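Position 373 of the sequence shown, counted from 1, bears residue number 1102 in the numbering used here, the numbering being contiguous throughout. Heads up, the beta-carbon is just placed ideally off N, CA and C, and yes, glycines get one too. Computed from a predicted structure; not experimentally measured.
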Amino acid sequence: MSRITLGPGAKGTPDATADLPIPADAWDEANAGSFRRLWLGSASHAPVLGGGLALLCAVSVGLGWATGSEPLQGAYFELPPITGWTAILIGLLGAAIVLSRSGANGRARHRRAAKLVVLAAIAGATVLLVNEVSDRLLFDWAADGAWQQPISGPVVMILLLSVGVLMIDAGGPRYRWNDFLNPLIAGALMVGLLAFGYQVDLGIGRMDPAFSLTIMLVTVAAYLGYFFLRPDRGIAGFMLATGPGPAMARFLVPTVMLLPVLISTSSLCEPLVGDRLAEGLGDIVMLGLLLLVVTGTSRRLQRFYRAWQIAEAGRAERAAVLSSMSDGVAMLRDEDQEIILTNPQFDLMYGYGPGELIGRHVSCLYPADLDPEEKAEWVRLERELKRTGQVAFEGRSVGRDGATIWARSKVSVADHPEHGPVRIIVVGDITAEHRAKEAGARALDRFRQVFEQSPIGICLVRPDGTFERVNSAYERITGYTAGELEGIPFTEITHADDLEEDRRLVRSLFKGEIDRYSLEKRNIRKDGDVVWVDLTVARLSEVAGDDPRALYMVEDITERHQFHQRLQHMVDHDALSGLFGRRRFREELASALAGPADSQVALLSLDLDNLKFVNDSFGHTVGDQLIVRAAEVLRAHVNGAGILARPGGDEFAVLLPGLDGEAARLLAEGLAEAISAEVRVGVADRTVRLTVSIGIATAQTGEDASTEQILMEADTAMYDAKASGRNCVRLYDRTGDPGMAKSIDWHSRIGRALESGGFRLYAQPIVSLEGSGPAFFELLIRMRDDDESIVQPGTFLPIAERHDLIQDIDQWVISSAIKSLAGFDLGGDDLKFSVNLSGRSVGDPRLPDFIATELDRYRVDPGSLVFEITETGAISDMTGARKLAEELGQLGCSMALDDFGTGFASFYNLKHIDCDYLKIDGEFVHDLATERDNRLLVRSLVYAARAMGKLTVAEGVEDGDSLELLRQFGVDFAQGYYLGTPKPLAMIVLDPRLGVGPAEV
C-alpha cells in the first residue's frame, strides 16, 4: 500500500523514495485543532525531538564536566550528575534514533550509519553492565568525577532502546521483533521511572537517590522518539488510528503518565509546605485528575456514538442508493476475488437470489469458452487496474442459467476497513444493445456485400457532387479505380451534352425538391470511350448531423442503347434503300410545317413507273436493285437540300424546306431526268430502266398547314403526272386545274357508292400456324366504279378520310360483317371476321354503341369479331384507343393492333392498350428468309407480344421459307398471298375454305 508524507495541516503528495511515517488517511481524518491532530504532529516530530534531546543531553553533560558546571552535568535540585559513560551511551542512542527516522531511512548511507551507531551503543552498554556484574573487572572505575561508575538502571534502559532501534525493521512484513520489544521496553521504562526516577516505593528495594531524574526524563524522550519511528504499525499505529480505542488511549495514557509526576512533585513539596498540606494538595489534584478523566472519557464516548450514528445513517443511505440503482453493483476482495457484497440489481441481472453470490468466486460469472483474444484482453485490463486503480470495459459474462450477458463495467479499487483492498464493480446490462449492434453490424456487412458484389454500379455521392465511395462494378463501367474516383465530382466523367440536365436534377435532389430521379446519360470512360448508363438516384437522409448523401445505381446500357438505336434505325428507315420510312418522314414533314411562319415547304411525291411490271417480268430482285439505284440517284442530286424517304413499294418522297413551287419544280425535273438516265440494271442481254412520275405540293408554314393535306395534294399531283403519260412532273394547282379536280369527283363517287351499295367486301384467310381454331378471315373493302371496274382501297380511302366519309364507310363494313356472320353456317364450326377501323373511328365515342346495337340486332356472338386499328392510328389518339379497347372488351369483342412495328418508338405506350392481337407489318415479313435485320426485328416483336400476353399475326407472307421461320419464332397466325388471296365475301360464304393457299394443302 503506497504511503504519503504529510506535515500537520498539509494535503500531502506521494513520495516514491521513502517508506514515509504517517498514513495519508490519518491526516485526512484528523480535524484541524483536534487532540488527534496534536498527537499526529507530535508523532511526526517525536524521532527528531527525542533523538535530538538525547544528543543535546550528551553534549550538555560533556560541557558540564569540561567546565565544572553542575547544572549542565544534570546536578540540580540536589540531584546527582550524569556520568560521562551514561552521556556517551545516551548520545549514541539519540544519534541512532535520528538517523533511523523514516525520512532518512530511505537513503542507504543513513541506514548503514544508524546501524553502526546503535551497535556501538549496544556494545558500550553491554561492556559497562558486564564490568559491573563480573567478579573480575574489565577496567577500574574512577572514584568520582565524570568517569565514575554509572548507575546500572539507565544503562539497562539504553541497552533495551538500542536493541529496539536495531530491530525496528527486522522480521518481515509483520514486524514481530518490534511488536515484542516495544512493550518490553515500555514496561521496563515504567518500572524504572516509578521506582527510581520518581523515587516511588514499589516494594522492590530501597529507593536510590543517586539515580538522576534528568537522565530518566531524557530516556523517556528517547523512548518516545523510538516509539514513533514507525507510526504506521504496531502500538504506535494503534495510538494514531481512528476509532474509540485509539482515541481513549491517546487521552488516558498521558493522564496515567502524569500520575508519577504528581506523586514525585508531592514528595518534593513536602519539606516546603509540610506533610499534611502536601498530602491534601495531592488528594485534590488526584481528584481533579480523576474528574478530568471521567468527563473527557464521557465526552469522547458521546462523540464516537454520534459519529457512529452518522456513519450508520450514511451506510443506510448508501445501501438504499445501491438498492435503487438501475446498474448492478458488486464488491469483491482483491486478495482472493471472493464476492462480499451485491445489490439486488446485480443478483437479478445474473439470475441469482438475494445474497446467493456472497462468498462465491467471481469466476462463476466468467464464460467457459473465452477465446485467446478475450483472455489477452482480460490480462490487459488486470494490468491497467493495478496501474491506475480503475478500469472500464465492455465484455460478456454468464448468468446462472448459462445465458450470455453482455455488460458495460466500471471497476475501481478501494480500501475496506474489514476486508482490506477491495474491487467495486458497477455493471450495466447491455445485452439488448449488443444484440442490436450485432444485428446492425450484420446488416452493415450484408450492405457492404451487396454494395461490393452488386452486378450494377453503386456509388455514394456528396452534396458537392464528389464521389465518396464506389463499388467494383462502377469501376468496371468507368475504367477508373475507386481511389481515382473518390473525391472527384461526377461532372468530370459526364458527357458534356448530358451535364446540364444531370446538374439540375442533382441540385433539386439535395434541395429536397425531389427524392429520386432516373436518367439515361453518357459517361466518359478513362480510356475516352463513351458509355451509356441508366442512372437511378435516391436521396439518403442525414445521419447524426452529417450531410445527406445521394445513392447512385448505375447500369451499363451501352449494348441495349446500341441495339435500340439499331432497331430505331430499322423502324425509321427503309431496309432496302436506307432512306426514311413512312412514319419518320411524316414526323419530319409535320416538324417542317410547324416551323417559323412565312416559310415555304415543298413536298415531292415520286412513284417509279412500271415497277410492278418489272417485278412481274424480271423478279423482285431486279426491282429491288432498281429501287436501291433510284435511292442513290435521289440522294446524290438532292445532296442535303431536302429529306428523302421511301414510304413503301414504288413510292419515294422528298421534303424541301424553304423552296417555293417553281424552285421545287425545277429540282423535280432534274430528278426525273437523272432517274431516267441513271436508274438502270442489266439483266441477261438487256438493260432494264425506269422513269418516275413526280407530284409537287407546297404549303406555307404557320398557316394551319396540314400534313394530310399536303400529302394528299402531292399524291394527287403525282397521280395526275401518271395520268399524263408518266415520266413527268406536276405541281398541285389549287386554282382549279382539271387534273387536280379529280379528288372532288372522287368525293361524289364515294358518296354514291355509300348510298347505292357500291362497296364490296373481300375476305383473306388468316391461318393458324398451330393448325387448329376457327376459320379466320380479314375483311377488305373494294369499290365498284361507275364502269363496273373494281377500285382498290388505296385509291378512294385517302380521299374518303380527307372528306370525312371514312367513318360512314367503317360503319357500313361493320354492319355488313355482322350481318354476314348471322347468315353464315359452317355446320357447327366457328367463324371469325377481322374488321379494319380507321383512325377517325378509333376516336369516335359513338362507335361502341353502334357495334353493340348491330350485334344485338343480328344476335351474333361478339367473340366472332376482331377489330383492327393501325399502330400509328392508336399512337395518334392513345386515349381514344385505350377507351375503345376497354369498351370492346366489355362487349366481348377482340382487338388487334395492325401494322405493328412501324411505330416502335412508341412501343412502351402500347402496354396501355388492352388488345388481343398484334399484326406484324408485312414490311418486316417480306424477304424474312434472306434479311437478317427483318428476322431480328420480327423475333423481338414476337418476344414482346408474348411478354404482353398477346397473339401475333404475320402479314404479307409470300413464301414457304418465311412461313417456316415465323412458325419457329412462335408466331400464332399468318396471312398473305402465299396462304390465300382476297376473295369476294360472297364466295367465302358459299365455300369457307375457298382461297386457301399452299400452306393449307
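Item to complete: Determine the burial state of Tyr1491: buried for a count of at least 16 other Cβ atoms within 10 Å of its Cβ, exposed for fewer.
Response: buried
Discussion item. Within 8 Å, do at least three Cβ pairs link the segment 1688–1697 to the segment 1334–1348?
Written reply: no
Discussion item. Please classify Val982 as buried or exposed, where buried requires at least 16 other C-beta atoms within 10 Å of its C-beta.
Written reply: Burial call: exposed.
Practice prompt. Would you check if the segment 1126–1140 and the segment 1071–1086 touch, i.e. whether three or more CB-CB distances between them fall below 8 Å?
Written response: yes
Discussion item. Excluding the 5 residues flanking Gln878 on each side, which residues of the same chain have their C-beta closer than 6 Å to its C-beta?
Written reply: Trp870
Worksheet item: Got a sec, what are the start and stop residues for the alpha helix (DSSP H) His1298 sits in?
Response: Thr1287 to Asp1301
Discussion item. Short of 8 Å in beta carbon distance, which residues of its chain neighbour Thr1430, apart from the five on each side in sequence? Order them along the chain.
Written reply: Ala1321, Leu1322, Ala1323, Gly1324, Pro1325, Ala1326, Asp1327, Ser1328, Gln1329 and Val1330
Fill in: Backbone secondary structure at Ile944 - three-state DSSP
helix
Discussion item. Suppose contacts are defined by Cβ-Cβ distances below 9 Å. Is Thr1599 in contact with Ile1649 by that definition?
Written reply: no
Item to complete: Answer with buried or exposed for Ala1093, where buried requires no fewer than 16 other C-beta atoms within 10 angstroms of its C-beta.
Response: In the sequence as displayed, the identity of residue 1093 is Cys instead of Ala. The residue in question, Cys1093, is exposed, as its Cβ has fewer than 16 Cβ neighbours within 10 Å.
Worksheet entry | Residue(s) in a DSSP beta bridge with Cys1644 | DSSP lists no partner for Cys1644.
Item to complete: Please classify Leu1388: is it buried, with 16 or more other beta-carbons within 10 angstroms of its beta-carbon, or exposed?
Response: Label assigned to Leu1388: buried.
Item to complete: Count the other CB atoms, across all protein chains shown, that sit within 10 Å of the CB of Thr1220; report buried if there are 16 or more and exposed otherwise.
Response: Only exposed fits Thr1220, as fewer than 16 other CB atoms lie within 10 angstroms of its CB.
Fill in: Residues bridged to Pro1150 [DSSP beta-bridge criterion]
Asp1144
Worksheet item: When you compare only the Cα positions, how much space is there between Lys1240 and Phe1176?
Response: 26 Å
Item to complete: Would you mind sorting Tyr1672 into buried or exposed? The rule is 16 or more other CB atoms within 10 Å of its CB.
Response: exposed
Item to complete: Starting from Glu1684, trace the beta strand (DSSP E) both ways and give me its first and last residue.
Response: Run containing Glu1684: none; DSSP gives neither H nor E here.
Discussion item. Below 8 Å on the Cβ atoms is my contact criterion, and I expect Ile811 with Val788 to pass it. Report the Cβ-Cβ distance as a whole number of Å.
Written reply: That pair is no contact at about 12 Å.
Practice prompt. Identify every residue that forms a DSSP beta bridge with Thr1599.
Written response: Asp1627
Practice prompt. Taking Gly1118 as the reference, give the member of Ile1087, Glu1147 and Val1151 with the closest Cα.
Written response: Val1151
Worksheet item: Taking the alpha-carbon positions, what's the Asn1344 to Ile1356 distance?
Response: 11 Å
Item to complete: Give the straight-line distance between the Cα atoms of Ala833 and Ile944, rounded to the nearest whole angstrom.
Response: Confidence in Ala833 is poor, its pLDDT being 45 and thus under 50, which makes the residue's placement unreliable; the coordinate value appears in the next sentence. Near 26 Å, if we compare the C-alpha coordinates of Ile944 and Ala833.
Item to complete: Would you tell me roughly how many angstroms separate the C-alpha atoms of Pro1096 and Val1142, rounded to the nearest one?
Response: Between Pro1096 and Val1142, the C-alpha separation is close to 23 Å.
Worksheet item: Glu1492 lies in the alpha helix (DSSP H); which residues open and close that run?
Response: The amino acid at residue 1492 is misidentified as Glu; the sequence shows Ala. For Ala1492, no alpha helix (DSSP H) encloses it; the enclosing beta strand (DSSP E) starts and ends at Phe1488 to Pro1494.
Practice prompt. Could you have a look at Pro737 and say whether DSSP puts it in helix, strand or coil?
Written response: At Pro737 the pLDDT is 36, less than 50, meaning the model places this residue with poor confidence; the figure from the coordinates comes in the next sentence. Of the three classes helix, strand and coil, the one that applies to Pro737 here is coil, per DSSP.
Discussion item. Tell me the rounded alpha-carbon separation between Ile1185 and Gly1257.
Written reply: 21 Å
Worksheet item: Are three or more beta carbon pairs between the segment 1566–1579 and the segment 1503–1516 nearer than 8 Å?
Response: no
Worksheet item: So what does DSSP say about Phe1702, is it helix, strand or coil?
Response: strand
Discussion item. Are the CB atoms of Val1496 and Gln1704 within a distance shorter than 9 Å?
Written reply: yes
Discussion item. Can you check which of these residues, Gly793, Val827 and Leu821, is closest to Gly779 by C-alpha distance?
Written reply: Val827
Fill in: DSSP-derived helix/strand/coil call for Arg1268
Of the three classes helix, strand and coil, the one that applies to Arg1268 here is strand, per DSSP.
Worksheet item: Hey, is the segment 1274–1294 in contact with the segment 1251–1266, meaning 3+ C-beta pairs nearer than 8 Å?
Response: Three or more Cβ pairs drawn from the segment 1274–1294 and the segment 1251–1266 lie within less than 8 Å of each other, which places the two stretches in contact.
Worksheet item: Considering only C-alpha positions, which residue in the set Asp1353, Ser1346, Gln1074 and Leu1396 is nearest to His1366?
Response: Answer by Cα proximity: Leu1396.
Worksheet item: Curious, which full-length beta strand (DSSP E) runs of at least 3 residues does the segment 1170–1194 contain?
Response: 1186–1190
Worksheet item: If you check the beta carbons only, do Val1260 and Ile1187 fall under 9 Å apart?
Response: no
Fill in: Length of the line joining the Cα atoms of Thr1210 and Thr1195
So the alpha carbons of these two residues sit roughly 15 Å apart.
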